[in-house]
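**Student:** Residue numbers (numbering that gives the first Met the number 0), protein chains in the order written: chain A, 0 to 222; chain B, 0 to 393.
We put the beta carbon where it would ideally sit given N, CA and C, even for glycine.
As the structure is a prediction and not an experimental result, all values here were calculated from the model.
I am attaching a structure below and will ask some questions about it afterwards.
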Amino acid sequence: MIDARDILFAYPAAAFSLEISALQVGRGETVALVGPSGCGKTTLLQLLAGVEVPQSGALTVAGAEWSGMTRAARQAHRLGRIGLVPQNFELLDYLTVRENILLPCRLGSALGAARDREERCLSLSERAGIERHLSKYPGQLSQGERQRAALCRGLIGQPELILADEPTGNLDPENQDRIVALLLDEAKMIDATVVMVTHEPSLLPRFDRALDLRDLCKKEVGV
Amino acid sequence: MNLAGVWHLGVRYLRCSRAKTILLVAAFSLVWFLPPSVAILVRVGEQVLQARAASTPLLVGAPGSPLELVFNGLYFTKPKTPKLPFEVVEEIQSTDFALAIPLYARFASGEHRIVGTSLDYFAFRKLEIANGRSLLRTGECVVGAEVARRHGIRVGDAVISSPEALFDLAGVYPLKMTVVGVLGANESPDDAAIFTDLRTCWIIEGLGHGHEEAALAGADERLATEGNDPAIRLNASVRTYHEITPENRNTFHFHGDLDALPITAVVVVPRDTKSQALLKGRLDGREDLLLVEPAGEIQELFATVFRVQGFVMALLAGIGLATVAIGVLVFLLSYRLRRAEFAHLRLLGAEPASLAALVVFEAVFVMGTSLLIALTGLLVLGKTAPAWMGTMLG
């Protein structure tokens with residue numbers, strides 16, 4: 000699912016650079032990405048999502064080699080194959096919870112028929128325990144409910160790869176557990192690969208692997 | 000994201016921030032609407048005033064302001080216009096050069112002017128009776144179409160003249176007049192006027208009156224008969240009439256010479272160009288009269304209005320530019336506030352073109368809606384202004 004070799008990425012106007020000699024993650028595998036703040040976890044997720052492209056090396060994600068693709072092609076590939084779960088929910092205030100969950104379907108037309116999407120939205124929200132809030136606006140929800148809604152949005156397209164950037168960072172331990180359980184259960188159901196950034200050591204045993212980005216940058220890590 | 004998606008997100012955003020959207024649309028609608036509406040109103044106003052002025056060859060009044068005379072004689076405003084004696088009408092008529100139509104537009108009933116005139120006026124202005132009949136007797140009136148429509152007045156109803164000063168008991172007489180006819184709509188100040196004969200106006204003014212016959216009045220109401228003087232003097236307790244009916248019509252009378260009673264203007268309709276020139280030559284030099292050509296006066300008035308309009312337009316343009324600048328600032332601030340939202344949409348997979356479309360959607364919606372509202376308003380104004388300005392500019 001993910002194959003990175005000798006990739007180098009640096010922001011043009013910053014001293015920071017990320018070098019990874021090798022990273023492989025298989026289909027259906029769940030990986031927790033750890034490391035201190037500022038070591039490049041979010042940057043790595045952006046590289047995996049195709050938002051940024053490494054200056055050198057080869058990076059193949061869900062069957063696509065990012066460096067050989069245009070921005071539009073990367074966006075289309077991301078929309079169809081990759082689900083994103085941000086730390087700060089990033090729900091649009093002016094859309095209802097239901098509309099927020101279905102937002103990726105609005106952005107791309109290749110995510111199935113309208114009726115299937117609605118059914119998927121309903122079943123996802125039922126499993127996330129937010130089905131009663133579908134017609135509410137994000138401002139009317141608790142932090143945990145908002146993160147569950149953001150998770151449903153990341154899963155609505157039945158992605159092959161789910162990239163989650165500290166989705167439990169703003170939550171209490173009870174909600175952290177609930178979100179991670181939901182994420183991993185849903186990923187298992189659709190045989191999706193999960194890469195989740197986290198700072199919470201108690202969550203690590205739930206994943207197949209935990210990768211420290213500092214180690215990743217020095218030696219080859221593979222499956 | 001296709002156009003439907005952009006539309007969906009754009010409309011949902013505008014709905015969510017509806018107070019801001021409504022304010023922006025209202026402000027821009029005014030920016031688009033105001034300058035052209037001023038131009039339309041001035042143009043229509045000029046056409047309406049000029050049309051009536053052009054159809055009135057000459058106007059004679061007492062010395063004073065020519066413009067005031069034009070407004071009194073044509074549009075029935077300026078009731079305090081200096082008065083001239085009725086004998087001027089007969090004098091002009093006797094020259095055989097023109098038809099002279101007297102006008103006494105001083106009194107009102109509510110917001111409507113009571114215009115005392117002769118039947119020639121109806122023929123001159125081509126006013127037709129839509130219901131009822133024309134004026135026959137003193138104390139009757141014919142109302143304009145707008146007066147009838149606004150107050151639901153029908154033939155047989157009554158109209159009462161308004162007193163000029165509430166506590167001036169000896170002043171203008173509140174007279175109840177019977178409506179005998181309703182005029183057809185003419186889209187002119189005639190629509191908002193109440194027409195009666197000159198005698199009725201003079202009675203309203205207190206220059207003529209009707210009261211109980213002295214011989215029938217009780218002893219208390221008589222003051223005295225002095226010596227051999229056959230005159231009976233009556234005190235204030237004698238009953239005066241406030242309505243002219245068939246029973247009391249004969250008791251109405253005027254003290255003094257009718258020719259000396261006042262009017263405010265004379266519409267002069269010369270028989271031909273030569274007659275007009277001769278009449279002008281005869282009346283122009285008179286110190287006791289004012290002779291004006293209404294079309295020239297209105298033209299002069301609008302020359303001033305157009306100069307003022309230029310300043311107003313420049314002012315409105317300045318206000319418009321300021322509003323547009325503030326609007327642009329609002330859009331820029333809105334974009335700044337939504338930057339995180341757009342970044343996330345891009346992360347989710349929205350194409351840059353769709354995001355650009357989403358950014359301009361708000362501006363296009365506000366500008367488009369406000370333009371549509373302004374254009375609709377201007378169309379309605381352009382269609383309706385001639386009718387209501389014709390009635391209102393009286």
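Any heavy atom of the ligand GDP closer than 7 Å to the Cβ of I128 (chain B)?
**Tutor:** By its list of ligands, the structure shown contains no ligand whatsoever, and the ligand GDP lies outside what it can speak to.
**Student:** Grab the span of the beta strand (DSSP E) containing D119 (chain B) for me, first residue to last.
**Tutor:** Here residue 119 (chain B) refers to the residue found at position 120 when the second sequence is read from its first residue. No beta strand (DSSP E) contains D119 (chain B), which is instead part of the alpha helix (DSSP H) from D119 to F123.
**Student:** Can you find the residues in the same chain that come closer than 6 Å, C-beta to C-beta, to F341 (chain B), ignoring five residues on each side of it along the sequence?
**Tutor:** Sequence index remark: in the second sequence, residue 341 (chain B) carries index 342 (1-based). L354, listed in sequence order.
**Student:** Buried or exposed for L344 (chain B), going by 16 or more other Cβ atoms inside 10 Å?
**Tutor:** Locating residue 344 (chain B) in the second sequence gives position 345, where the first residue counts as 1. The residue is buried, with at least 16 neighbouring Cβ atoms inside 10 Å.
**Student:** Quick check on the DSSP output: the alpha helix (DSSP H) that includes M188 (chain A) runs from which residue to which?
**Tutor:** Within the first sequence, residue 188 (chain A) is the residue found at index 189, counting from 1. Unbroken alpha helix (DSSP H) run through M188 (chain A): P172 to M188.
**Student:** Mind listing the chain B neighbours of Q74 (chain A)? Cutoff is C-beta to C-beta under 8 Å, in chain order.
**Tutor:** Counting from one through the first sequence, the residue named residue 74 (chain A) turns up at place 75. What Q74 (chain A) touches in chain B: R345, G348, A349 and E350.
**Student:** Using the C-alpha atoms, what's the distance from P137 (chain A) back to L91 (chain A)?
**Tutor:** One-based indexing of the first sequence puts residue 91 (chain A) at position 92. One-based indexing of the first sequence puts residue 137 (chain A) at position 138. In a straight line, the C-alpha of L91 (chain A) is about 7 Å away from that of P137 (chain A).
**Student:** Name the two residues that bound the continuous alpha helix (DSSP H) containing V146 (chain B).
**Tutor:** Within the second sequence, the letter at position 147 stands for residue 146 (chain B). Residues A144 to H150.
**Student:** V193 (chain A) and L210 (chain A) look like a contact to me (Cβ under 8 Å); what is the Cβ gap, rounded to whole Å?
**Tutor:** Counting from 1 along the first sequence, the entry for residue 193 (chain A) is found at position 194. Counting from 1 along the first sequence, the entry for residue 210 (chain A) is found at position 211. So it is not a contact: roughly 12 Å between Cβ atoms.
**Student:** Just mark G348 (chain B) as buried or exposed, buried being the case when its beta carbon has 16 or more other beta carbons within 10 Å.
**Tutor:** Counting from one through the second sequence, the residue named residue 348 (chain B) turns up at place 349. The residue in question, G348 (chain B), is buried, as its Cβ has 16 or more Cβ neighbours within 10 Å.
**Student:** Can you check which of these residues, B:L73, B:A384, B:T375 and B:F32, is closest to P188 (chain B) by C-alpha distance?
**Tutor:** As a position in the second sequence, residue 188 (chain B) is number 189, starting the count at 1. For P188 (chain B), the nearest C-alpha among the options comes from B:L73.
**Student:** I believe G319 (chain B) touches P34 (chain B) by the beta-carbon criterion, under 8 Å. Please report the beta-carbon distance rounded to the nearest angstrom.
**Tutor:** The residue you call residue 319 (chain B) lines up with position 320 of the second sequence. The residue you call residue 34 (chain B) lines up with position 35 of the second sequence. At roughly 7 Å, the Cβ-Cβ gap stays under 8 Å, so G319 (chain B) and P34 (chain B) are in contact.
**Student:** Check the C-beta distance from G207 (chain B) over to H252 (chain B) and give it rounded, since I have them as a contact under 8 Å.
**Tutor:** On the second sequence, position 208 is the one that residue 207 (chain B) refers to. On the second sequence, position 253 is the one that residue 252 (chain B) refers to. Indeed, because the Cβ distance is near 6 Å, the residues count as touching under 8 Å.
**Student:** In chain order, what residues of the same chain have a beta carbon less than 7 Å from the beta carbon of M312 (chain B), not counting five sequence neighbours either side?
**Tutor:** As a position in the second sequence, residue 312 (chain B) is number 313, starting the count at 1. Correct list, in chain order: P34 and V37.
**Student:** Using CA coordinates, which residue listed in B:F70, B:V267 and B:N249 is at the minimum distance from D95 (chain B)?
**Tutor:** Counting from 1 along the second sequence, the entry for residue 95 (chain B) is found at position 96. D95 (chain B) has its Cα closest to that of B:V267, out of B:F70, B:V267 and B:N249.
**Student:** By the DSSP assignment, the alpha helix (DSSP H) with S28 (chain B) in it spans what residues?
**Tutor:** By one-based count along the second sequence, residue 28 (chain B) stands at place 29. Where S28 (chain B) is concerned, the enclosing alpha helix (DSSP H) stretches over R17 to A53.
**Student:** Rounding to the nearest angstrom, what Cα-Cα distance links T69 (chain A) and G49 (chain A) in this structure?
**Tutor:** For the purposes of this step, residue 69 (chain A) is taken as residue 70 along the first sequence, with counting starting at 1. For the purposes of this step, residue 49 (chain A) is taken as residue 50 along the first sequence, with counting starting at 1. Going by the C-alpha atoms only, they are around 10 Å apart.
**Student:** What residue does the beta strand (DSSP E) around S16 (chain A) start on, and which one ends it?
**Tutor:** Your numbering for residue 16 (chain A) matches position 17 in the first sequence. Per DSSP, S16 (chain A) belongs to the beta strand (DSSP E) from S16 to V24.
**Student:** For L353 (chain B), does the three-state DSSP call read helix, strand or coil?
**Tutor:** In the second sequence, residue 353 (chain B) corresponds to position 354, counting from 1. The question names Leu, but residue 353 (chain B) in the sequence shown is Ser. S353 (chain B): helix per DSSP, three-state reduction.
**Student:** Pull up the distance between the alpha-carbon of A75 (chain A) and that of I39 (chain B), whole angstroms please.
**Tutor:** Along the first sequence, one-based indexing puts residue 75 (chain A) at 76. Along the second sequence, one-based indexing puts residue 39 (chain B) at 40. Answer to the nearest angstrom: the Cα atoms are 53 Å apart.
**Student:** Have a look at Y12 (chain B) and L328 (chain B) and give me their C-alpha separation to the nearest angstrom.
**Tutor:** On the second sequence, position 13 is the one that residue 12 (chain B) refers to. On the second sequence, position 329 is the one that residue 328 (chain B) refers to. Cα to Cα, Y12 (chain B) sits roughly 18 Å from L328 (chain B).
**Student:** Could you compute how far the alpha carbon of P53 (chain A) sits from the alpha carbon of G79 (chain A)?
**Tutor:** The residue given as residue 53 (chain A) occupies position 54 in the first sequence. The residue given as residue 79 (chain A) occupies position 80 in the first sequence. Answer to the nearest angstrom: the Cα atoms are 21 Å apart.
**Student:** Note down, in chain order, each residue of its chain lying with its Cβ closer than 8 Å to the Cβ of T244 (chain B), except the 5 sequence neighbours on either side.
**Tutor:** To locate residue 244 (chain B), count along the second sequence from 1; it is residue 245. Cβ within range, chain order: G138.
**Student:** What does E361 (chain B) touch in chain A if you count any residue whose Cβ is under 9 Å from its own?
**Tutor:** On the second sequence, residue 361 (chain B) is found 362 positions in, with the first residue counted as 1. Those do not exist, as E361 (chain B) stays about 12 Å from chain A at its closest Cβ, beyond 9 Å.
**Student:** Using the C-alpha atoms, what's the distance from K40 (chain A) back to R73 (chain A)?
**Tutor:** Sequence index remark: in the first sequence, residue 73 (chain A) carries index 74 (1-based). Sequence index remark: in the first sequence, residue 40 (chain A) carries index 41 (1-based). Between R73 (chain A) and K40 (chain A), the C-alpha separation is close to 20 Å.
**Student:** G82 (chain A) by DSSP, collapsed to three states: which one?
**Tutor:** Sequence index remark: in the first sequence, residue 82 (chain A) carries index 83 (1-based). It is a strand residue.
**Student:** What residue range is occupied by the uninterrupted beta strand (DSSP E) comprising N185 (chain B)?
**Tutor:** The residue given as residue 185 (chain B) occupies position 186 in the second sequence. Here N185 (chain B) belongs to no beta strand (DSSP E), and DSSP marks it neither H nor E.
**Student:** Does any residue of chain B have a CB that is nearer than 8 Å to the CB of L106 (chain A)?
**Tutor:** Counted from its first residue, the first sequence places residue 106 (chain A) at position 107. Yes, contact with chain B.
**Student:** Determine the direct distance from the alpha carbon of V43 (chain B) to that of L380 (chain B), and round the result to whole angstroms.
**Tutor:** For the purposes of this step, residue 380 (chain B) is taken as the residue at position 381 of the second sequence. For the purposes of this step, residue 43 (chain B) is taken as the residue at position 44 of the second sequence. So the alpha carbons of these two residues sit roughly 10 Å apart.
**Student:** Does any C-beta atom of chain B lie closer than 8 Å to the C-beta of P223 (chain A)?
**Tutor:** Outside the displayed span of chain A (0 to 222) sits residue 223 (chain A), for which this structure offers no information.
**Student:** Could you run through the segment 146-163 of chain A and flag, in chain order, every residue whose CB is less than 7 Å away from some CB of chain B?
**Tutor:** Within the segment 146-163 of chain A, no residue qualifies.
**Student:** Could you give the first and the last residue of the continuous alpha helix (DSSP H) run that contains S333 (chain B)?
**Tutor:** Position 334 of the second sequence, counting from 1, holds the residue named residue 333 (chain B). It spans P293 to L336 - the alpha helix (DSSP H) in which S333 (chain B) sits, taken as one unbroken run.
**Student:** Alpha helix (DSSP H) containing P103 (chain A): first to last residue?
**Tutor:** The count along the first sequence starts at 1 and reaches residue 103 (chain A) at position 104. Where P103 (chain A) is concerned, the enclosing alpha helix (DSSP H) stretches over L102 to L106.
**Student:** For P261 (chain B), which three-state DSSP category applies?
**Tutor:** Numbered from its first residue, the second sequence carries residue 261 (chain B) at position 262. Three-state DSSP puts P261 (chain B) in a strand.
**Student:** Is I325 (chain B) buried or exposed, if buried means 16 or more other CB atoms sit within 10 Å of its CB?
**Tutor:** By 1-based counting over the second sequence, the position of residue 325 (chain B) is 326. So I325 (chain B) ends up on the exposed side.
**Student:** Could you check the C-alpha separation between C104 (chain A) and T375 (chain B) for me, to the nearest Å?
**Tutor:** Translated into positions along the first sequence, residue 104 (chain A) becomes position 105. Translated into positions along the second sequence, residue 375 (chain B) becomes position 376. Each residue's Cα considered, the two are about 38 Å apart.
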